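Those protein sequence lines, which keep their order, are chains A and B. Residue numbering for the first sequence follows the numbering used here, beginning at 23 and increasing consecutively. Residue numbering for the second sequence follows the numbering used here, beginning at 9 and increasing consecutively. No residue lacks a Cβ here, since even glycine has one placed at the ideal position from N, Cα and C. Computed from a predicted model, the values in this text were never measured in an experiment.
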Amino acid sequence: MSSRTLTIEPVTRIEGHARITLQLDDAGKVGQARFHLTQFRGFEKFCEGRPYREMPALTARTCGICPVSHLLASNKACDYLLRVSIPPTAEKLRRIMNLAQITQSHALSFFHLSSPDLLLGWDSDPARRNIFGVMAQDPQLARDGIRLRQIGQTIIETLGGKKIHPTWVVPGGVNEALTEDKRQAMLGLLPEGLEIAKRTYSFFKTLVPKFAEEASHFGSAPTLFLSLVTPKGNLEHYDGLLRIKDAMGRIVEDMIPPHEYQRVVGEAVEDFSYMKFPFYKPMGYPQGVYRVGPLARLNNADACGTPYADVALMEFRMLQEAAPVQSSFHYHYARLVEIIFAMESMERLLKDPDILNPRVRSRARSNRYEGIGVSEAPRGTLMHHYKIDDDGLITWVNLIIATGHNNLAMNQGIKQVADAYVDGNNLREGMLNRVEAVIRCFDPCLSCASHAFGQMPLAIDLQDASGLVVDRLVRG
Amino acid sequence: MTGHRTLVIGYGSPIRGDDAIGPLAADRLEAEGVPEGVSVVSRHVLTAELVPDIAAADLVVFLDATLHGDPGEVRLRPLHPDARAVSTMAHFLDPRELLAWAEALYQRRPVAWLVSAAGGCFDYGLYELSPALAGAVGPMLAQVRSLIAGYRQGAPA
Chain A
23 MSSRTLTIEP VTRIEGHARI TLQLDDAGKV GQARFHLTQF RGFEKFCEGR PYREMPALTA
83 RTCGICPVSH LLASNKACDY LLRVSIPPTA EKLRRIMNLA QITQSHALSF FHLSSPDLLL
143 GWDSDPARRN IFGVMAQDPQ LARDGIRLRQ IGQTIIETLG GKKIHPTWVV PGGVNEALTE
203 DKRQAMLGLL PEGLEIAKRT YSFFKTLVPK FAEEASHFGS APTLFLSLVT PKGNLEHYDG
263 LLRIKDAMGR IVEDMIPPHE YQRVVGEAVE DFSYMKFPFY KPMGYPQGVY RVGPLARLNN
323 ADACGTPYAD VALMEFRMLQ EAAPVQSSFH YHYARLVEII FAMESMERLL KDPDILNPRV
383 RSRARSNRYE GIGVSEAPRG TLMHHYKIDD DGLITWVNLI IATGHNNLAM NQGIKQVADA
443 YVDGNNLREG MLNRVEAVIR CFDPCLSCAS HAFGQMPLAI DLQDASGLVV DRLVRG
Chain B
9 MTGHRTLVIG YGSPIRGDDA IGPLAADRLE AEGVPEGVSV VSRHVLTAEL VPDIAAADLV
69 VFLDATLHGD PGEVRLRPLH PDARAVSTMA HFLDPRELLA WAEALYQRRP VAWLVSAAGG
129 CFDYGLYELS PALAGAVGPM LAQVRSLIAG YRQGAPA
């Protein structure tokens with residue numbers, strides 16, 4: 023039997039460069055579906071030999087969208103190397119920065135990358151299915167997206183001194199205490215941010231029923247879910263303990279200290295992608311598929327711990343009859359709940375009288391040879407793991423990026439969507455856009471250097487086994 | 009003309025050699041002092057959060073490096089909103105795209121100019137301007153001050 027391969031390259035409106043290939047049989051049905059990361063970075067190798075104190079600044083360059091996430095995970099790994107507990111105020115300040123980062127990143131994903139599909143439809147004219155189409159259809163939604171990003175970035179800049187690659191977070195804490203005027207400036211932004219978040223959430227709830235069909239196919243195959251939770255089992259983004267739930271909602275691993283992550287997370291490689299394939303070790307590879315990120319965090323959390331987010335969490339759980347919520351389409355929903363949570367939590371932290379405490383840094387030299395830092399990035403659990411020598415020089419690095427955790431699930435997701443929508447004998451752009459859209463649900467961040475957006479030219483060739491082009495779609 | 013608002017935006021990567029001239033020029037402009045009503049920002053890249061500030065301005069001046077021209081050559085050109093100038097990068101937008109966002113979302117179309125200087129070296133991990141481009145900062149700022157003064161005096165843009 024001859025086979026044909028359908029290639030979607032680049033995948034658009036995601037962060038980074040990727041390719042999807044769909045192998046079709048003679049009947050035009052999808053046999054194999056693969057998500058390929060086509061960039062090579064090499065951070066883990068070229069960091070070797072550097073002083074560990076350089077790691078936060080070096081690894082923050084992994085990403086121009088979420089440098090704060092790497093900055094935090096890296097500094098946590100360094101805290102572990104120092105064997106210090108950072109001052110409580112420093113932890114609160116780091117939490118605020120992380121929540122601001124999550125806000126601006128989720129806003130970019132929802133308002134700019136995914137709203138063209140959600141507002142205009144997957145089958146709408148691709149020439150109009152972009153941010154300008156959203157502006158024409160619902161300018162207030164577009165303005166809200168800009169404003170939320172502005173609020174998140176402004177808080178990061180207020181704390182860190184600059185929006186991109188701030189150096190305010192350091193091993194042992196942060197390097198400058200918060201002042202009253204900065205506190206008031208940040209507090210002044212949050213009521214508007216919360217109103218926007220609630221308004222958008224309410225609006226999106228009205229859209230969800232329209233996408234019941236897509237939700238049933240968009241990465242709804244059962245997987246495990248991994249995330250940090252608080253010691254009480256609540257929603258956590260900065261610290262806490264690892265929890266894994268299965269597809270039935272049963273807790274299969276709980277309260278695992280982050281530095282024991284290797285007990286549950288293994289990593290595999292495949293020859294078709296530069297992205298690693300993490301898996302749940304007790305189930306083995308490739309059966310041990312799990313998801314991380316907003317969907318996993320909400321599925322794993324017993325509660326959010328803030329008023330509006332807890333109401334939204336209850337409504338999130340009603341998206342299907344039995345928890346956990348399976349469809350990756352509902353990552354969008356979960357992001358909006360997390361923006362609400364971020365606004366409420368930042369306000370709570372900033373109103374804490376201790377937030378102005380001048381003691382914000384613990385000082386020490388390295389007291390361990392191995393450091394592990396784990397936090398929740400916007401896209402999921404982020405792990406930094408370093409080994410150092412007697413001189414404090416890095417001898418080994420392992421980074422497990424949030425998007426990497428989702429690799430198996432993303433591959434599973436595109437296969438499911440392709441099976442449901444792609445007819446190789448009658449290609450339509452809307453079919454392929456749905457295949458891309460399931461990837462957008464995960465909001466993958468594939469690199470920091472280059473970020474493919476909606477209007478990049480895209481040619482999709484359908485070839486027979488001899489390489490003859492039998493069908494072609496061109497966009498852009 | 010009184011009460012007008014000018015926004016100067018210098019943008020470029022600080023670790024890509026001559027690409028840094030935009031933010032460096034903006035920083036120097038701010039350090040030297042600007043007339044009332046003039047705001048100056050430095051950015052690694054242009055992002056959507058700048059749109060409300062652009063929409064609130066009457067005059068916007070972008071400062072950037074360019075590959076075109078002899079190294080150190082300073083050029084001035086008007087910019088107009090262009091929704092087709094969509095960047096392929098999610099966190100880097102074209103200035104004309106930002107102007108189009110401002111027009112679409114806020115019905116504002118400020119007068120806009122691009123002041124660019126031709127660079128010769130954009131290597132990775134390079135923290136210095138080439139000599140030719142270091143000499144271009146002064147002429148760029150002279151151009152910016154001329155634009156601001158001209159606009160204040162009601163000169164056609």
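In whole angstroms, what separates the C-alpha of A:I394 from that of A:M405? 7 Å
Considering only C-alpha positions, which residue in the set B:V119, B:V48, B:R13 is nearest to B:G166? With chain B covering 9 to 165 only, the question about residue 166 of chain B has no answer from this structure.
Would you say A:P193 faces chain B, with C-beta separation under 8 Å as the test? no
Consult DSSP for A:I377 and reduce its assignment to one of helix, strand or coil. helix
Between which residues of its own chain and A:S131 is the CB-CB distance below 7 Å, once the five residues before and five after are set aside? R357, D465
Select from B:L101, B:P86, B:R85 the residue whose C-alpha is nearest the C-alpha of B:A92. Note that residue 92 of chain B corresponds to Arg in the displayed sequence, not to Ala. Minimum Cα distance to B:R92 is reached at B:L101.
Please state the DSSP three-state secondary structure of A:N420. Strand, per DSSP.
Which residue marks the beginning of the beta strand (DSSP E) containing B:P86, and which one marks its end? 82-87
For A:C326, which three-state DSSP category applies? coil
Going by other Cβ atoms of all chains shown within 10 Å of its Cβ, with 16 needed for buried, is B:W121 buried or exposed? buried
Distance, Cα to Cα, B:E111 vs A:L170? Near 19 Å, if we compare the C-alpha coordinates of A:L170 and B:E111.
When you check each C-beta in the stretch 112-143 of chain B against every C-beta of chain A, which residues fall closer than 7 Å? Those would be A112, L113, in chain order.
So does A:G64 have its beta carbon nearer than 7 Å to some heavy atom of the ligand SAH? Of ligands this structure carries none, so the ligand SAH is not represented either.
DSSP three-state call for A:I436: helix, strand or coil? helix
What residues from the stretch 35-60 of chain B come within 7 Å of chain A, judged by C-beta to C-beta, listed N to C? H52, A56, E57, V59, P60
Identify whether A:W190 lies in helix, strand or coil by the three-state DSSP scheme. coil
Should A:I482 be flagged as near chain B, meaning a C-beta pair shorter than 8 Å? With a pLDDT of 47 at A:I482, under the threshold of 50, the predicted position of this residue should be treated as unreliable, though the coordinate-derived value follows. A:I482 does not count as touching chain B.
Express the C-alpha separation of A:P78 and A:V192 in angstroms, rounding to a whole number. 8 Å
What's the C-alpha gap between A:T180 and A:R205? Roughly 9 Å separates the two Cα atoms.
Could you check how far apart the C-beta atoms of A:Y283 and A:L94 are, in whole angstroms? I think they sit under 8 Å. About 16 Å separates the two Cβ atoms, so there is no contact after all.
Pull up the distance between the alpha-carbon of B:V170 and that of B:V69, whole angstroms please. Limits of chain B in this structure are 9 at one end and 165 at the other, which puts residue 170 of chain B out of reach.
Pull up the distance between the alpha-carbon of A:V11 and that of B:L106, whole angstroms please. With chain A running from 23 to 498 in the structure shown, residue 11 of chain A is simply not present.
Identify the contact partners of B:A91 in chain A, using a Cβ-Cβ distance below 7 Å as the criterion. F154
Select from B:A33, B:D131, B:P43, B:D61 the residue whose C-alpha is nearest the C-alpha of B:A171. For residue 171 of chain B there is no data in the structure shown, the boundaries of chain B being 9 and 165.
Paired residues, beta bridge with B:A73 - DSSP: In the DSSP output, where bridge partners are listed per residue, B:A73 has B:A125.
I want to see whether chain B comes within less than 8 Å of A:I168, judged by CB atoms only; does it? yes
With a cut-off of 8 Å, do at least 3 Cβ pairs link the stretch 153-173 of chain A to the stretch 121-135 of chain A? These segments touch.
Can you tell which of A:L454, A:K298, A:I422 has the C-alpha that lies nearest to the C-alpha of A:L430? A:K298
I'd like the span of the alpha helix (DSSP H) that includes B:E136, first residue to last. Looking at the DSSP string, B:E136 is not in any alpha helix (DSSP H), and its letter there is neither H nor E.
Which residues in the same chain as B:M9 place their Cβ atom closer than 8 Å to its Cβ, once the five residues preceding and following it in sequence are excluded? The predicted position of B:M9 is uncertain, since its pLDDT is 45 and thus under 50; a value taken from the coordinates is nonetheless stated next. The answer, listed in chain order, is Y159, R160, Q161, G162.
Please classify A:H473: does DSSP put it in a helix, a strand, or coil? Only weak support is given to the placement of A:H473: the predicted model assigns it a pLDDT of 28, under 50, and the value that follows is read from those uncertain coordinates. If DSSP states are grouped into helix, strand and coil, A:H473 belongs with coil.
Contact between the stretch 379-392 of chain A and the stretch 206-213 of chain A (3+ Cβ pairs under 8 Å): no
Considering Cα atoms alone, identify which of B:R36, B:G127, B:E38, B:P147 is closest to B:H76. B:G127
A:D163 to A:R117 span [Cα, whole Å]: What sits at residue 163 of chain A in the sequence shown is Leu, not Asp. Approximately 27 Å, taken between the alpha carbons.
So that I know if they touch, is there some Cβ in chain E lying closer than 8 Å to that of A:I168? This model lacks chain E altogether; the protein chains it does include are A and B.
Proximal residues of chain B, C-beta to C-beta of A:M157 below 8 Å: In chain order: W109, A112, L113.
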